[in-house]
Structure formats: structure tokens, C-alpha cells
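Protein chains in written order, with the working numbering: chain A, 317 to 461; chain B, 317 to 461; chain C, 317 to 461; chain D, 317 to 461. For reference, the structure is listed below as C-alpha cells.
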């Protein structure tokens, strides 16, 4: 049985550099900072910086996700005018287990911090699973960038 | 925001009937009882009854799993003689986030209760994802059986 | 960031010895086996063996708890005849976050496996907190017994 | 069994008003916005705004906590010069299960978003538990303010 020390982990967002996001994960010039992984529970936390017009491909949140958008604007499922959500910073968002995001589109340059419980399941146009990206995958992507 | 009543949920394992497991999930005559789903966190709990010689196809635990084996015997990754684990009832097992089970083989008729945090990711021979089965999928399978 | 190996943890319930429960936790001759602690998420799992007539003092589940009762019978909040629950083995039970158990009484010798998400908060007759018992406390109790 | 709709929850931080924090929780003029509660898992998320010189009384994180500090500066356990941590915005912090914060002191006006898994356990000078504050308690405080 593990016995971690009682401790805190602290990351300055100034000294942590932005790295480019890999194509499949979120394209169009997005960058990110991996802030934390929890190997035991499978949660992970990152900051993302997307340019205006960027988007995240279709994915399912297989566990709950929570985000704080510091600046910018995004829409999911067509935005608020089309039955989806348009989120304008500063804001907080909760994505329920099973939430399906056909595409997340950034309407302005957007900086957002997000905590994921479990992996993201990216899905293709026919509903097939393209990738299941959890703490191990993001850690490997981060380490190799 | 949800405000559930403070309550308990109780399932007699005598009065809950065994239902046949669907082919893809776990073949060879296995049966199950869905005991609980947690839609918010994505965890779910079930009892499984496998005949001797049955097996569960290759899968990844994308979140931690814990089981109590009441009777029987199983092996994962070739069993204890081949670098894997052979579990003999009565026993407790913990499957870490990311645990890969190439095949779980039941060496005797086995009854096991298991709690899953998040979905099971079934994978094919080339590592491709065949199915991601979480609380919604097991609930749907249970309701339609 | 931690990077645990992908692994399983397995405990034979035959070779793990029963230890006496400390007085405050659950009195009257109860015994237990600590099966797992998850230091990161704060969950822990144990087996309990209570003689007929034993009871667990008043406590609050500050996170969800799930149990499998292998044999025996227990009642909470006065039992099924008094608005509470009477659980008869074999059964499964789910205790919701915030569930208040004024007293858990064992009507027969009872063996139960339980997973706790977070600590148990034991409360006194005036509602004051007597102890908050999580993974660190149970690990220390186990190691010192 | 619950079957929530697949959905998102979105809170504009502009339109959600700041409310004063209750004395015991965090004194000295702090204000907060309750953003989310997860009754099932017991997690909750809030934004806090503390004036310079404010502090949070001694507490234990009984489950992991994660924060994003948008602006300001805080120190725990005496700060970085005394073996603790001094956090300067913008930054991210992770408080491990069991983390003990003798006092959290705000060196500047500080705005911080934080997600808590499970309750905060406030402790007095002799280590006695003063209060256990989870999703139900913060929801009740928020609704009554």
C-alpha cells in the first residue's frame, strides 16, 4: 500500500511553458500546460490556450470535467443559439459524465483550465472510438513534446 | 444543482435475478446482476457469475476497480506461474487505473462482486478500441435483457 | 507527479488475519482486515466480522460507501420495521454521501466487505464530532494492532 | 438508480454575485461564489475573494483539492521561506488528501477557484474537530446568505 507524504504541489503558470497540442487532440495551433496527473484515480488537470477559430474534435467525457475559463469564448453543440452552450469568460463549467461534445469551437482566443476525471474518448464521424486519452497518454505526450 | 435525499440503497442478492451477459462483454455463459450505477461520478457495481472455462476479452481499466471474489478462481495475464495473478476465493483484488487485462480466465465456477470507477475499454488484437462500456452502457444492457 | 506501475493488488482473505477492532471504531468484539488504502483519493476498503449483538457507534458517511454482506444480518436507523433498513446476506448496499447512521446493529454474526470514499465521521450524542477516520487513521490502527 | 440527462452546467462569474463568507469558514471580509456541488461524490467547487491580510483557519483536506489562483498571493504553513508554500498568481495548486493547513494567509487581495473532493475538516488549537464542512453544509450556507 502506498503511503504518500502529506504535501502540496504548486505550479506557477508563469514559469511553466506552453507546449503545442498534438494534432489529434486539439488542432489549429492550440497550446497547453499539463499541471497535474493523479495516477491512482485517473484524473488530470491542464491549462489550454486556443487561438480564435480553433476547435477540439468530437469527444465524450467518460467522467465529470470542470473548467475555469479565464478569458475568451467557446461554444459546444452549436452554441446557445442552437440548443448548445456558449461560454464567455470569466466562467465556470461542469461537463457531466457522458457529455458528448460534437465539436468545441473557440470564438475568441481562449485560456481555460480544466480538470478531467478519467480519460477523454475521441470519436470519429461514424461513432467509432478514435482514441481514449487519460493521464498516462497526456503524461507521455507532455514528456515527449 | 442536484440535492439527493440522504439515503441508502439495498439490493438483496437473492431476489435480484441473474441475467445472461451479452456476448461482447464477457462470453461463454457468464451471468450478472447490475447492483448500482453512479451517473455523476461514472462508477458502477455488479455481481458476475462465470462458469469454469469462461473468459472476459481483453480490456483496460481506465479507472480503479475493486472486487471481492466469493467463490471460484481466476487468472489474469497468464496467472501466477507466468507473471500474472491467480486469484483464489475468498479474496479481494484491486485493479489500478490503466491495468491491462489481456484476458481474464475463470479456472472454476466463479462468483465475484466488482466496483468499477469509470468505463471498461475493450480492445481488439491490434490494440484498437472495440467498445467503451460505462454506467450508461451497462444500464442499457441490463434494462434491455 | 507520481507514476505508479500498472499493476494489481491481491489479498487472499484466508491468509490475511483478523485483527480486533479498536473500541471507538466498532466495539463489542468486532474484528477486521484492512484490504486496501488509496492515499491519493482517500478511499479505503476493509472486511469486518461482527458477533451477534455488536454495533457500530453513530457516524456519517462523508463520501459514498458500498458494501457486500457475505453472511449475517444488520439494521440501520431502527431497521426495516421502523423506517430504516434491515439488510440480510447475501446483499449489496450503497450508503450515499451524507448518510447518517445513528447506530448499525448486527442481528447475527455478520461478515461484510466495505469500500469507503473518504473518512467516517463519528459523532457523539450532541452531534459533536468525536473522530474523523480516513485512510491514514485506519492504516495507523492496522499497523499498530 | 438515478439517470441524469447528459448535460453541461455553466456559470458566468460576472452574473453570479459574491456573498460574504461566514465567520467560521474564512473570516476577515472574504467573499465567495458557490459554483457547483456534486451530491453523489461529495465534491464541490467555489470561487473565493479574500482581502489582503485575511486568513482561513486551520483545516485538513480529507480529500484532494485543486485550485487555480487568478490573482493575488497566499502562503500556507509559514510560506516558502519557512518550509511551507507561497503561491503567487497565476498558479495552480494541488492539496493532497490529508494535507494540514495550519493557516492560509493572503498576502494580497486574492481570487482563487477551488474544487474540493469531500469536506474540509476545521480543527481547533488542541486538534479537536470544530466543523466538517462538505457539499451539504456549503449549499446550506450559500442558500441562507
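Using N, Cα and C, we set each Cβ at its ideal position, and we do this for glycine too.
Taking 7 Å as the cut-off, is the beta-carbon of residue i closer than that to any non-hydrogen atom of the ligand HEM?
{"i": "residue 413 of chain D", "result": "Inclusion of the ligand HEM in the displayed structure is not the case, the ligand content being empty and no account of it being possible."}
If distances are taken between C-alpha atoms only, which option among the options comes closest to residue i?
{"i": "residue 362 of chain C", "options": "C/441, C/384, C/445, C/396", "result": "C/384"}
{"i": "residue 364 of chain A", "options": "A/412, A/380, A/355, A/427", "result": "A/427"}
{"i": "residue 332 of chain B", "options": "B/441, B/348, B/339, B/439", "result": "B/348"}
{"i": "residue 258 of chain A", "options": "A/451, A/402, A/417, A/430", "result": "Because chain A spans 317 through 461 in this model, residue 258 of chain A falls outside it and cannot be assessed."}
{"i": "residue 405 of chain D", "options": "D/390, D/417, D/416, D/353", "result": "D/390"}
{"i": "residue 429 of chain D", "options": "A/439, A/366, A/382, A/354", "result": "A/382"}
{"i": "residue 284 of chain D", "options": "D/461, D/452, D/459", "result": "Look at the range of chain D in this structure, 317 to 461, and you will see that residue 284 of chain D is not part of it."}
{"i": "residue 416 of chain D", "options": "D/440, D/408, D/368, D/431", "result": "D/440"}
{"i": "residue 356 of chain A", "options": "D/387, D/412, D/461, D/436", "result": "D/412"}
{"i": "residue 421 of chain D", "options": "D/433, D/407, D/388", "result": "D/388"}
{"i": "residue 433 of chain C", "options": "C/407, C/442, C/461, C/414", "result": "C/414"}
{"i": "residue 448 of chain C", "options": "D/455, D/375, D/437", "result": "D/437"}
{"i": "residue 330 of chain B", "options": "B/351, B/457, B/445", "result": "B/351"}
{"i": "residue 326 of chain B", "options": "C/380, C/409, C/337, C/327", "result": "C/409"}
{"i": "residue 442 of chain D", "options": "D/375, D/399, D/461, D/457", "result": "D/375"}
{"i": "residue 358 of chain C", "options": "C/339, C/378, C/366, C/336", "result": "C/378"}
{"i": "residue 340 of chain B", "options": "B/334, B/395, B/371", "result": "B/371"}
{"i": "residue 368 of chain C", "options": "C/456, C/334, C/345", "result": "C/345"}
{"i": "residue 450 of chain D", "options": "D/336, D/407, D/380, D/334", "result": "D/380"}
Taking CB distances under 8 Å as the criterion, tell me whether residue i reaches chain A.
{"i": "residue 356 of chain C", "result": "yes"}
{"i": "residue 388 of chain B", "result": "no"}
{"i": "residue 434 of chain B", "result": "yes"}
{"i": "residue 335 of chain D", "result": "no"}
{"i": "residue 406 of chain D", "result": "yes"}
What did DSSP end up calling residue i once you bin it into helix, strand or coil?
{"i": "residue 403 of chain D", "result": "strand"}
{"i": "residue 452 of chain B", "result": "helix"}
{"i": "residue 327 of chain B", "result": "strand"}
{"i": "residue 348 of chain A", "result": "strand"}
{"i": "residue 381 of chain B", "result": "strand"}
{"i": "residue 334 of chain C", "result": "coil"}
{"i": "residue 371 of chain D", "result": "strand"}
{"i": "residue 357 of chain B", "result": "coil"}
{"i": "residue 409 of chain C", "result": "strand"}
{"i": "residue 320 of chain B", "result": "Confidence in residue 320 of chain B is poor, its pLDDT being 42 and thus under 50, which makes the residue's placement unreliable; the coordinate value appears in the next sentence. Correct three-state label for residue 320 of chain B: coil."}
Step through the CB atoms of chain D and report whether any lies within less than 8 Å of the CB of residue i.
{"i": "residue 264 of chain A", "result": "In the structure as shown, chain A starts at 317 and stops at 461, and residue 264 of chain A therefore has no counterpart that could be examined."}
{"i": "residue 428 of chain A", "result": "no"}
{"i": "residue 325 of chain A", "result": "yes"}
{"i": "residue 409 of chain A", "result": "yes"}
Which chain D residues sit within Cβ distance under 7 Å of residue i?
{"i": "residue 448 of chain C", "result": "378, 437, 445, 448"}
{"i": "residue 384 of chain A", "result": "384, 429"}
Can you pull the chain B neighbours of residue i, defined as C-beta to C-beta under 9 Å?
{"i": "residue 452 of chain A", "result": "413, 414"}
- Query: Which residues, in chain order, does the stretch 411 to 423 of chain B contribute to contact with chain A at a C-beta distance below 8 Å?
  - Reply: Hits within the stretch, in order: 412, 413, 414.
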